[in-house]
Amino acid sequence: MITTTLSPRIFLYPLKENPARFAGLFGLLFLLNGCQSGPPPEKVAQAFWEAMAQGNPEIARTYTTQVSQYLVTQQPELEQASVRTGAVKVDGDNARVATVLTLKPPDHRTVAFDTVLAEEDDQWKVEYLQTMNNFLHLPFGEIFKSLQGIGEAINRNLQQHLPELEEQLEGFSDGLLQQLEDFRRRLEKSVSPEPPQRDRTI
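Those letters in the sequence shown? Residues 17 to 218, per the numbering used here, in order.
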């Protein structure tokens, strides 16, 4: 039996003869690599909740947006919980991942909600505050009562870091106020009453 080995040069020769084709192929590979720069939303959500279930907030913070990292604290109510993720809805730079947590014994309660994510530096990150807002406002009174410690911990941490948050948002607020003022002026011009017409009746 005769085995023939093809040299890679056979496939590269047409590209060498056509530099434009070579540049196009290189650009395509670059774009494909950029589109796969990080794990998809469902993988990030799964990893985040698994870290929380293992009682490891340090690892969980690596999966959250920068502005919400300081809100992530150890939550005994979530430890030893099992995690499942489902449907994913991506809308531009935002995503929502259907998430189901089964709490630790003896509770064994199942909680379903959406994990909210946002793109940050081409990486999907969990928006912790929005996610916990979904989590804590589920229409189950007993679940809310058993997990209200989570909200209290977030509130305490928020109070501690409020000056830092205000400093980060100061520049954004100034720009937003200026935009609102410009919009108000344009609106006033557009609805300003027309000058009354003179009565030409003699």
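Where a beta carbon is used, it is the ideal one built from N, C-alpha and C, also for glycine.
Keep in mind that this is a model prediction, so the values were computed, not measured.
Between the CA atoms of residue j and residue i - distance to the nearest angstrom
i: P92; j: G71; result: 7 Å
i: V60; j: R77; result: 11 Å
i: G108; j: F64; result: 21 Å
i: V127; j: E74; result: 24 Å
i: D137; j: Q62; result: 20 Å
i: E135; j: T89; result: 22 Å
i: L133; j: Q85; result: 13 Å
i: G43; j: P121; result: In this predicted model, G43 has a pLDDT of only 47, less than 50, meaning its place in the structure is not dependable; the value taken from the coordinates is given anyway. Whole-angstrom Cα-Cα distance: 53 Å.
Close-in-space but distant-in-sequence residues of the same chain around residue i (CB under 6 Å, 5 per side omitted)
i: L119; result: A97 and R125
i: Q139; result: G54
i: G102; result: A114
Residue nearest to residue i in terms of C-alpha spacing, selected from the options
i: V106; options: K141, V88 and P73; result: K141
i: L117; options: E136, P73 and T131; result: T131
Chain-order list of residues whose beta-carbon lies under 8 Å from that of residue i (same chain, five-residue window excluded)
i: V104; result: P56, P57, E58, A111, R112, V113 and A114
i: E66; result: V99
Distance cut-off 7 Å: residue i Cβ against heavy atoms of the ligand MN
i: F151; result: Absence of the ligand MN is noted for the structure shown, with no ligands found whatsoever.
Cβ shell of residue i (< 7 Å), same chain only, five flanking positions each side left out
i: M68; result: A76, Q91 and L94
i: F129; result: T115, N150, F151 and L154
Q.
Give the list of continuous beta strand (DSSP E) stretches no shorter than 3 residues that lie fully inside the segment 81-119.
A. If only complete runs of 3 or more residues are kept, the segment 81-119 shows the beta strand (DSSP E) at 98-107 and 110-118, in order along the chain.
Q: State whether the segment 73-83 contacts the segment 138-151, with contact taken as three or more CB pairs (one from each stretch) at a distance under 8 Å.
A: yes
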